[in-house]
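Under the working numbering, the first residue of the sequence shown is numbered 30, with each subsequent residue one higher.
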Amino acid sequence: MVHLSPIKPALRIVSWAVGGILFSPLPALAVQAHGHPEGLYVHQLGHLAFLVSMLYIWFRTRKRRGAGWVFIRLAVVLFALWNVNTFLIHAIQVSLSPGQFVGRIGGLPRYFQPRSALEVYYYFGKMDHLLCVPAAFFLAMGLRRMGRRPEDASHHEF
30 MVHLSPIKPA LRIVSWAVGG ILFSPLPALA VQAHGHPEGL YVHQLGHLAF LVSMLYIWFR
90 TRKRRGAGWV FIRLAVVLFA LWNVNTFLIH AIQVSLSPGQ FVGRIGGLPR YFQPRSALEV
150 YYYFGKMDHL LCVPAAFFLA MGLRRMGRRP EDASHHEF
């Protein structure tokens, strides 16, 4: 007869509980929708705060030399441009007519029919991942380079 230690059954129960929680198809309820217009106002304030923080980092690091700072400053510029672009896109989106979005693919519009230069900017500006993803990449590259060669990284605090 095999005797199990009391730890193994407890470990099995904990494993099943953690697995059940992690792989449960229940909704996470992680998004809280806010009605119009206060949700947009708060969201836009978040973009402005992020933009101000990017400008602050840009000015504080303008004299930094050493490994990684070029990449980090490039990331800061791209994040700042992303914030300006996204702020404008949200503002333009409020003025668009639902009739300009034709057809549906599931819950998403199939076609967008721009009627002005501003609406063409909206169309291309919605591709904000073309700014945000490279910004995240350059930030990671800068941090990686700083971590790899600590003798070249600046020792000054922000």
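Quick reminder that beta carbons are idealized off the backbone N, C-alpha and C, glycines included.
None of these values were measured; they are calculated from a predicted model.
Cα-Cα separation, residue i to residue j
| i | j | result |
| --- | --- | --- |
| G176 | C161 | 23 Å |
| F79 | L110 | 11 Å |
| L84 | A104 | 12 Å |
| L40 | F100 | 45 Å |
| F108 | V81 | 11 Å |
| K37 | F52 | 22 Å |
| L147 | I86 | 31 Å |
| L77 | I42 | 48 Å |
| F166 | G95 | 18 Å |
| G68 | G75 | 11 Å |
| S145 | L168 | 35 Å |
| K155 | V47 | 38 Å |
CB-CB length for residue i against residue j, believed under 8 Å
| i | j | result |
| --- | --- | --- |
| L172 | G49 | With a Cβ gap of about 36 Å, L172 and G49 do not count as contacting. |
| Y150 | F141 | Not a contact, Cβ separation roughly 12 Å. |
| H119 | H72 | 7 Å |
Reduced DSSP category for residue i - H, G, I as helix; E, B as strand; rest coil
| i | result |
| --- | --- |
| F100 | helix |
| G176 | helix |
| F141 | strand |
| R93 | coil |
| L125 | coil |
| M156 | coil |
| F52 | coil |
| H76 | helix |
| H119 | helix |
| P38 | helix |
The segment 88-97 in contact with the segment 119-126 per 3-pair CB rule at 8 Å:
Three or more Cβ pairs closer than 8 Å define a contact, and the segment 88-97 falls short of that threshold against the segment 119-126.
Would you check if the segment 108-117 and the segment 156-173 touch, i.e. whether three or more CB-CB distances between them fall below 8 Å? With a cut-off of 8 Å, the segment 108-117 and the segment 156-173 count as touching, because enough Cβ pairs lie within range.
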